[in-house]
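Novice:
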Amino acid sequence: MKYLFVACLLCLSVLSAVAKVPAMNKIRLTNNWEYLKGDLGGIWEAVRPAAPGSSEAVPIWQPVTLPHCFNAEDAVDPDVNYYEGPGWYKTLLAIDNPYRNGRIVLDFDGAGQKTDVYVYTTHVGSHVGGYDSWNVDITDAVKAFLGSKDAERFKGKVPLSIRCDNSRDLEMIPSDLADFNIYGGLYRYLNLVYLPEVSFEQIHLESSLSSNLKEGILKVKTSFYNPEDIRKADVTVSVYDVDRKPVFSKTLEGILPLGDQLLAKMKIKNPVLWDVDVPQLYTCELTVKTPDQTFTTEERFGFRHTEFKDKGPFFLNGKRLLLRGTHRHEDHAGVAQAMTEDMMRREMRMMKDMGVNFIRLGHYQQSEIILDLCDELGILVWEEIPWCRGGLGGDVYKKQARRMLANMIVQHHNHPAVIIWGLGNENDWPNDFNTFDKSAIRAFMKELHDMAHRLDDTRMTAIRRCEFCNDIVDVYSPSIWAGWYRGVFTDYKSISEQEMQKVKHFLHVEWGGDSHARRHSEDAFYNLKNIEAGKGGDERAGDASLYGGVPRASRDGDWSESYVVRLIDWHLKEQETMPWLTGTAYWPFKDFSTPVRPDNPVPYVNQKGVVERDFTPKESYYVFQSYWTEKPMIHIYGHTWPVRWGGKDDRKEILVYSNCDEVELFVNGVSQGVKRRNSQDYPAAGLRWNCVYQEGMNEIRAVGVKKKEKKEVSDVIRQEYQTAKWDKEAACQVSLLSEEGDTALVQVQLIDKNGIRCLSSKKQITFEIAGDGSLICNLGTSTGSRKVQAYNGRALIRIKRNEGNSVVAVKSEGLPTAFLELKSPK
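Residues -19 to -1, 1 to 807 (mature numbering (1 follows the signal peptide of the UniProt record, and there is no 0)) make up the sequence shown, in order.
1) Roughly how far, in whole angstroms, is the beta-carbon of residue 541 from the beta-carbon of residue 601, given that I think they are within contact range, below 8 Å?
2) For residue 797, which residues of its own chain have a beta-carbon under 6 Å away from its beta-carbon, when the five flanking residues on both sides are left out?
3) Hey, could you find the ends of the beta strand (DSSP E) residue 725 is sitting in?
4) What residue ranges within the stretch 607 to 659 form continuous beta strand (DSSP E) runs of no fewer than 3 residues, ordered along the chain?
5) Rounded to whole angstroms, what's the CA-CA distance from residue 467 to residue 511? Just pull it up for me.
6) Does DSSP put residue 458 in a helix, a strand or coil?
7) Consult DSSP for residue 347 and reduce its assignment to one of helix, strand or coil.
8) For residue 491 versus residue 453, is the C-beta distance shorter than 9 Å?
9) Determine the direct distance from the alpha carbon of residue 665 to that of residue -10, and round the result to whole angstroms.
10) Could you compute how far the alpha carbon of residue 483 sits from the alpha carbon of residue 450?
11) Cβ atoms of residue 345 and residue 165: under 9 Å apart, would you say?
12) What are the start and end residues of each continuous alpha helix (DSSP H) run of 4 or more residues lying completely inside the stretch 96 to 181, in chain order?
13) Restricting to runs no shorter than 4 residues, where is the alpha helix (DSSP H) found entirely within the stretch 668 to 751?
14) Can you give the Cα-Cα distance for residue 351 and residue 671, rounded to whole angstroms?
15) Quick check: what's the CA-CA separation for residue 639 versus residue 505?
16) With H, G and I counted as helix, E and B as strand and the rest as coil, what does DSSP make of residue 441?
17) Output needed for residue 480: all residues of its chain with C-beta closer than 7 Å, excluding positions within five of it in sequence on either side, in chain order.
18) Is residue 528 helix, strand or coil by DSSP?
19) Ordered along the chain, which non-local residues of its own chain (more than five positions away) have a Cβ less than 7 Å from that of residue 811?
20) In the DSSP assignment, the alpha helix (DSSP H) including residue 553 goes from what residue to what residue?
21) Roughly how many whole angstroms lie between the Cα atoms of residue 548 and residue 464?
22) Could you spell out where the alpha helix (DSSP H) holding residue 390 opens and where it closes?
23) Tell me the rounded alpha-carbon separation between residue 539 and residue 411.
24) Using only the alpha-carbon positions, how far apart do residue 637 and residue 365 sit?
25) Put residue 313 into one of helix, strand or coil per three-state DSSP.
26) Using CA coordinates, which residue listed in 476, 314 and 795 is at the minimum distance from residue 747?
27) DSSP three-state call for residue 832: helix, strand or coil?
28) Within its chain, find whatever has a CB closer than 6 Å to the CB of residue 442; leave out the 5 residues flanking it on each side and keep chain order.
29) Does DSSP put residue 755 in a helix, a strand or coil?
30) What are the residues that DSSP puts in a beta bridge with residue 318?
31) Along the chain, where does the alpha helix (DSSP H) that runs through residue 448 open and close?
32) So, is residue 332 buried or exposed, given that buried needs 16 or more other C-beta atoms within 10 angstroms?
33) Using 8 Å as the Cβ pair cut-off and three pairs as the minimum, do the stretch 368 to 382 and the stretch 258 to 277 touch?
34) In the DSSP assignment, what residue or residues form a beta bridge with residue 43?
35) Rounding to the nearest angstrom, what Cα-Cα distance links residue 229 and residue 219 in this structure?
36) So, for residue 787: in the same chain, excluding its five sequence neighbours on each side, which residues have a beta-carbon less than 6 Å away from its beta-carbon?
Shown next, in the form of structure tokens:
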């Protein structure tokens, strides 16, 4: 059969295509699913009975739990292109609607990228777009199925089948040229929702403040979901403050529950303001009552005032706030886009603990869970649609972009954290089409800008890196990658000042550099002497390549953590001296997978994150903490640097990143002196010492005092010091480092012909295994890839023993293969 992909939901009764389902009680459909990679000949293949007396089951389905992504592993498999195509899911629903004559709705938080939904063999809905919420009412299809003769075979349960498809399509956004994977699957939560005959379709809360911020104004607007055309209902609006104390209540009796309605407008004296430090949230509770049924739901909101000064800073609630930001891709080791709520909470909590007060959600609408967490944690949001790279397509392309912009704004309007609607990213990047028409891109950008303000005139629009459209949007971010893709990082401030003067409202998002976790350097600027200063910091075509072009850190640097912490350190200390700056957002918070970077040290991974793809912090995480947080912290650079090297009497620089007023350093128990923190004393805000290491093992200890809290904090690391010089790599030395339960940690160390460790080696290492065990790989991390560049001449990987015997093989080009036998401990 042919599968129908259309722009809106197709079913007998549908909530608005731009609506999330307003309901407090949603049943997450996580368990008892089966998945088939590939396509079916038709929906009948998903539900047909097995042949009598036959054990054959073709095709083979595998059990999965939702959320689930097609590309959980292959996105970072070093030897394959990630899968782009169709996949099927099926389950059996146990329907138990508490409402007589009520509705049954499937509520999708997002599915990639084109989706068709079937109840038994009936096609009940479709959606195009991998990132916005959508829903389908299956009430009539369920009723028809349960009344059919085929229902007996399923013993009262309802077969639900869903086809997802992430095939390449030039007329769909985002572009496959984008620097991230276009994932497939039911990778966000799918909910079953029971609704009464009358419920709400959309809840639109408009909160504002008087000029003196002493009075809050709230308008409550709704539209109703009323497919049975119930003629009369009572609606109660109740508003509660941050302590759940009532501040307003009103009942409208006997209203006609159809169309859009302004239910209430109220003034609240001296409202508690939502702020990044104290994110106070009010609650609006709505109840609709008919003679037979009552339904209650609620939405949270906040009172806050934002302002971007012309060519000046950002203000929140009348006070200047430097936006200290980062970015989030929906991507994680072992699951790709299918992150659980626990994973999301951990990630956002780590951001807040790093000092983040602003985030750009790149490059697409993200889960409602993330927006809720931003509201709760106090993280301001730039959220954008996935018009990302490739140029501009035709009518189908434009319709999707318009629809996704409308969906994003309507679905996430009530979140006080959101301050910017993003209209696109790198729209100056051609190649999806044989023509690249700047005037057409400008016209469509203006259309989206106007549309965003019609839907929501309380927030700004923005784009990043499309200079010929910088006059259209309210806020613009140019491309400034000083010290990475172009130039030197000491040019950052002057370049930013030049770019700020070109636009009305400047906000710098995307800066930083790649770092291969666990790789460190005694000379972070080795091989960077030919990079020209004063030549700008913009990213240009080919700058991400490891070959060709002008000298630049992204090509010529060592991709060490040692370099990137210095780059970040410089940016952060400069930002403190830029009184006109609205803020910045580091790109990104976490390493993520990408199909356009197969040659990176961890193949297919963008390694610019301050944490690895599995939440393991890199050293740079603590640099941000030292500038952006108040809770006393201290971190000696080098926790993942087990062996340093140099001459016998060389003085080695030791950096301590801390927000303490004073820090004392001890090397092997001997004090190296006390230093006071000064953010403008680069690097490490003056908390640096040049010390002599002893041959062999050394203990480095730092003790800091933060006078305001009257609290002492400390950190300690142990580092070996090697004075022996090495020749070129001659062999791989493989060893078992540790064991935990059924998991073994294996290390390979590259050595020269004399057995001396080659501590600067970057050779690629490949792990293979034979026997009962298996490699824990395809995680896209420094210790979770079977092909990885060495970090200081070594590499790590974990082995699942499976309670048996195995042989691990280690290969590196030009060297003899090395083996390690892992015997069962039994």
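For glycine and all other residues, C-beta sits at the position ideal for the given N, C-alpha and C.
Specialist: So, to answer that:
1) Actually they are not in contact, since the Cβ atoms of residue 541 and residue 601 sit about 11 Å apart, beyond 8 Å.
2) No residues qualify anywhere along the chain.
3) 724 to 732 is the extent of the beta strand (DSSP E) around residue 725.
4) Within the stretch 607 to 659, the complete beta strand (DSSP E) runs of at least 3 residues are 615 to 617, 624 to 626, 632 to 639, 643 to 648 and 651 to 657.
5) Distance between residue 467 and residue 511, taken at the CA atoms: about 12 Å.
6) Residue 458 carries a strand assignment under DSSP once its states are collapsed to helix, strand and coil.
7) DSSP places residue 347 in coil when its eight states are reduced to three.
8) Taking 9 Å as the cut-off, the Cβ atoms of residue 491 and residue 453 do not count as close.
9) Unreliable placement is indicated for residue -10, whose pLDDT of 29 sits below 50; the coordinate value is still reported in the next sentence. Distance between the alpha carbons of residue -10 and residue 665: 58 Å.
10) Going by the C-alpha atoms only, they are around 12 Å apart.
11) No, the pair does not count as a contact, with Cβ atoms beyond the cut-off.
12) Within the stretch 96 to 181, the complete alpha helix (DSSP H) runs of at least 4 residues are 120 to 127.
13) Correct list: empty.
14) Taking the straight line from one Cα to the other gives about 44 Å.
15) Looking at the two C-alpha atoms, the distance is approximately 21 Å.
16) Strand at residue 441.
17) Within the same chain, and ignoring the five residues on either side of residue 480 in sequence, the residues whose Cβ sits closer than 7 Å to its Cβ are 459, 461 and 487.
18) Residue 528: coil per DSSP, three-state reduction.
19) Residue coverage of the chain in this structure runs from -19 to 807, which leaves residue 811 outside it and unanswerable.
20) The continuous alpha helix (DSSP H) containing residue 553 extends over residues 542 to 556.
21) Each residue's alpha carbon lies about 7 Å from the other.
22) Residue 390 -> alpha helix (DSSP H) spans 376 to 393.
23) Distance from the CA atom of residue 539 to the CA atom of residue 411, rounded to whole angstroms, is 30 Å.
24) Each residue's Cα considered, the two are about 37 Å apart.
25) Strand, per DSSP.
26) Comparing Cα-Cα distances from residue 747 to each of 476, 314 and 795, the minimum goes to 795.
27) The chain is shown only over -19 to 807; residue 832 falls outside these bounds and no answer can be derived.
28) Taken in chain order, the residues that qualify are 402, 404, 430, 433, 454 and 455.
29) In this structure, residue 755 counts as strand in the three-state DSSP scheme.
30) Partner residues in a beta bridge of residue 318, as assigned by DSSP, do not exist.
31) Looking at the DSSP string, residue 448 is not in any alpha helix (DSSP H), and its letter there is neither H nor E.
32) Around the beta carbon of residue 332, 16 or more other beta carbons lie within 10 angstroms, which makes this residue buried.
33) They do not touch, by the three-pair rule.
34) Residue 43 pairs with 16.
35) Residue 229 and residue 219 have their C-alpha atoms some 6 Å from each other.
36) So the list reads 750, 752, 753, 754 and 803, once near-sequence residues are dropped.
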